[in-house]
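A.B. asks: Pasting a structure below so you can have a look.
Set out below in structure tokens:
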């Protein structure tokens with residue numbers, strides 16, 4: 011999944027899970043921009059903006075009660091026994107996102123919430139694994155003054171001229 015942006019990665023992770031979850035799945039940035047939505051229609055932008063606003067309002071209210079509490083430990087649910095919305099915050103590459111599900115006529119909301127929690131853990135793990143991979147960088151050569159090509163090592167020049175022999 012390297013060389014893919016966050017939106018493409020979210021799609022790769024969430025599209026296969028969409029069929030097994032009887033809910034609208036979405037990921038939004040903290041600023042209300044849609045990253046992924048399993049239901050692309052006229053409500054997509056509104057859902058993302060509202061989710062961001064609801065979370066920020068809830069966070070402000072929690073700050074009144076527990077000002078030092080880490081809000082990344084929380085989740086937000088607004089539901090009945092068969093319908094509602096469920097949100098998880100998570101952080102990827104230093105930015106905050108929200109994974110959510112909007113569901114109705116759900117027989118087992120507890121199972122759905124567990125599925126969403128597992129998806130969030132999988133996304134965080136995949137992004138952490140990717141961030142932990144070492145990036146292979148070309149070793150820097152010493153600055154060579156007075157040479158026409160300063161970024162070419164002696165070994166590279168030897169290989170260039172020895173290939174034709």
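Numbering (the numbering used here), first residue to last: 11 to 175. Glycine included, every Cβ here is placed at the ideal spot set by N, Cα and C. If you're wondering where the values come from, they're calculated on a predicted model, not measured in any experiment.
Specify the secondary structure class of residue 73 as computed by DSSP and reduced to three states.
C.D. replies: Residue 73: helix per DSSP, three-state reduction.
A.B. asks: Going residue by residue through the stretch 82-137, where are the continuous beta strand (DSSP E) segments of at least 3 residues, counting only ones entirely within it?
C.D. replies: Whole beta strand (DSSP E) segments, 3+ residues: 86-89, 94-102 and 105-113.
A.B. asks: Given that a residue counts as buried once 16 or more other Cβ atoms are within 10 Å of its Cβ, and exposed if not, what is residue 137?
C.D. replies: Buried.
A.B. asks: Indicate the three-state DSSP secondary structure (helix, strand or coil) for residue 38 in the structure shown.
C.D. replies: The answer is strand: DSSP assigns residue 38 an E or B state.
A.B. asks: Please tell me whether residue 108 and residue 98 are closer than 8 Å, where the distance is taken between their beta carbons.
C.D. replies: Yes, Cβ-Cβ distance for residue 108 and residue 98 is below 8 Å.
A.B. asks: Quick check on residue 80: does DSSP put it in helix, strand or coil?
C.D. replies: Here residue 80 sits in coil by DSSP.
A.B. asks: Return the CA-CA distance between residue 81 and residue 104, expressed in angstroms with no decimal places.
C.D. replies: Between residue 81 and residue 104, the C-alpha separation is close to 15 Å.
A.B. asks: So what's residue 43 in DSSP terms, helix, strand or just coil?
C.D. replies: Residue 43: coil per DSSP, three-state reduction.
A.B. asks: Cβ atoms of residue 96 and residue 126: under 8 Å apart, would you say?
C.D. replies: Taking 8 Å as the Cβ cut-off, residue 126 and residue 96 qualify as a contacting pair.
A.B. asks: Assess, as a yes-or-no matter, whether the stretch 27-43 is touched by the stretch 59-66 under the definition of 3 or more beta carbon pairs within less than 8 Å.
C.D. replies: Yes, they touch.
A.B. asks: Relative to the alpha-carbon of residue 23, which residue among 112, 134 and 121 has its alpha-carbon at the smallest distance?
C.D. replies: Of 112, 134 and 121, the residue nearest in Cα terms is 134.
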